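Engineer: One structure follows; several queries about it will come next.
In this note's numbering, the protein residues as written are 48 to 311.
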């Protein structure tokens, strides 16, 4: 089972590019983020034509996540649960969708678009950390099920200095703050495996390059798209690939697809 995660930065604006990649890569499951459209505006037809079942949690202009699968989707959840310590009652951002991918060995998959959090010192950064607290609490519940689980998406966290070409450029950014990185480590310490580090681990494996200041041309990239696997999924891990060439296509997203292969 090849599970892809990709922040497409507006599914309708980049539809031709996204469909081109789907036709070439043929992922079994694809978790998309930053759709920037409501459910009804998601361009389902081109993907259904390729054989995908689709679950969408959309939002007008901002955010939006989806899971596309070549086998039926079951037990779909849209949004993180409210948590007594970390709130969420007023949270209407479409940033999380989860489903069980049916098959001989079912796998639970979540598509995650974690808050950016900038600028630090504002309610946006507080929201980021609270959201990560809710994700941690929900992940604990999912891990208790002891099933193959893949929490994939745009985490908006640079875990370590090695995950940025120029770490000093990010010292005042919410993606690289001590609190953000500690919250990411706390999530992993629940028993989750960073699929890329487990399967490859070579530095310079970036998944995002800004549109500004020639970042792509200078390889001024960062690794912020991650796949975290439960022990049951990590046992099935066969490889991880980053499709960095997609960043050089016409009308690219500023992110590229990350693909995890599980032997199910």
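Quick reminder that beta carbons are idealized off the backbone N, C-alpha and C, glycines included.
Since the model is a prediction, treat every value here as computed from it, not as a measurement.
By alpha-carbon positions, which one of 292, 294, 161, 274 ends up nearest to residue 286?
Structural biologist: The option with the nearest alpha carbon to residue 286 is 274.
Engineer: Run through DSSP, which three-state label would residue 73 get?
Structural biologist: Correct three-state label for residue 73: coil.
Engineer: Put residue 165 into one of helix, strand or coil per three-state DSSP.
Structural biologist: Three-state DSSP puts residue 165 in coil, outside helix and strand.
Engineer: For residue 155, which residues from the same chain have a beta carbon less than 8 Å from its beta carbon, with the 5 sequence-adjacent residues on both sides left out?
Structural biologist: Within the same chain, residue 155 has close Cβ partners 122, 145, 146, 147, 148, 189, 192, 194, 195, 196, 197.
Engineer: When you measure from the CB of residue 187 to every non-hydrogen atom of the ligand NAD, does any distance come out below 7 Å?
Structural biologist: Absence of the ligand NAD from the depicted structure is noted, as is the absence of any ligand whatsoever, leaving it without description.
Engineer: Per DSSP, residue 121 forms a beta bridge with which residues?
Structural biologist: The partner list for residue 121 (beta bridge, DSSP) reads 147.
Engineer: Throw me the rounded Cβ distance for the residue 164 and residue 221 pair, which I believe falls under 8 Å.
Structural biologist: That pair is a contact at about 3 Å.
Engineer: Under 8 Å by Cβ, that's how I've got residue 83 and residue 108 pegged, so tell me the actual separation to the nearest angstrom.
Structural biologist: At roughly 6 Å, the Cβ-Cβ gap stays under 8 Å, so residue 83 and residue 108 are in contact.
Engineer: Count the other CB atoms, across all protein chains shown, that sit within 10 Å of the CB of residue 251; report buried if there are 16 or more and exposed otherwise.
Structural biologist: Residue 251 should be labelled exposed.
Engineer: Does the distance from the C-beta atom of residue 240 to that of residue 302 stay below 8 Å?
Structural biologist: No, Cβ-Cβ distance for residue 240 and residue 302 is not below 8 Å.
Engineer: Quick one: using the 10 Å Cβ neighbour count with 16 as the cut-off for buried, is residue 219 buried or exposed?
Structural biologist: Flag for residue 219 reads exposed.
Engineer: Suppose contacts are defined by Cβ-Cβ distances below 8 Å. Is residue 158 in contact with residue 200 by that definition?
Structural biologist: Their beta carbons are under 8 Å apart, which means residue 158 touches residue 200 by this criterion.
Engineer: Given that a residue counts as buried once 16 or more other Cβ atoms are within 10 Å of its Cβ, and exposed if not, what is residue 116?
Structural biologist: Classification of residue 116: buried, given that the 10 Å Cβ count is 16 or more.
Engineer: Which word fits residue 295, buried or exposed, when buried means at least 16 other C-beta atoms lie within 10 angstroms of its C-beta?
Structural biologist: Looking at its Cβ environment, which holds fewer than 16 other Cβ atoms inside 10 Å, residue 295 is exposed.
Engineer: If contacts are defined as beta-carbon pairs under 8 Å, then residue 162 and residue 175 qualify, I think. What distance do you get, rounded to the angstrom?
Structural biologist: That belief holds up - the Cβ atoms of residue 162 and residue 175 are roughly 4 Å apart, short of 8 Å.
Engineer: For residue 200 and chain D, any beta-carbon pair shorter than 8 Å?
Structural biologist: Chain labels in this structure do not include chain D; a single protein chain is all it has.
Engineer: Specify the secondary structure class of residue 254 as computed by DSSP and reduced to three states.
Structural biologist: Three-state DSSP puts residue 254 in coil, outside helix and strand.
Engineer: So residue 11 and residue 114 are in contact, right, with Cβ under 8 Å, and what is the actual spacing, rounded?
Structural biologist: The requested residue 11 is not part of the displayed model; the chain covers only 48 to 311.
Engineer: Taking the Cβ atom as the reference point for each residue, do residue 231 and residue 206 lie within a distance shorter than 8 Å?
Structural biologist: Going by C-beta atoms, residue 231 is nearer than 8 Å to residue 206.
Engineer: Quick one: grab the DSSP three-state call for residue 99.
Structural biologist: Coil.
Engineer: Exposed or buried, which one is residue 216 when buried takes at least 16 other CB atoms within 10 Å?
Structural biologist: Counting Cβ neighbours within 10 Å, residue 216 comes out exposed, since fewer than 16 surround it.
Engineer: Under the three-state reduction of DSSP, which class applies to residue 80: helix, strand or coil?
Structural biologist: Strand, per DSSP.
Engineer: Have a look at the DSSP bridge pairing and note the partners of residue 53.
Structural biologist: Answer is 79, bridged to residue 53.
Engineer: Please identify the residue among 73, 152, 139 whose C-alpha is closest to the C-alpha of residue 51.
Structural biologist: When only C-alpha atoms are compared, the closest one is 73.
Engineer: Am I right that residue 311 and residue 283 are in contact with their C-beta atoms under 8 Å? What's the rounded C-beta distance?
Structural biologist: Sure, about 6 Å apart at Cβ, within 8 Å.
Engineer: Figure out for me which residue from 91, 257, 125 has the closest Cα to the Cα of residue 213.
Structural biologist: Considering only alpha carbons, the answer is 257.
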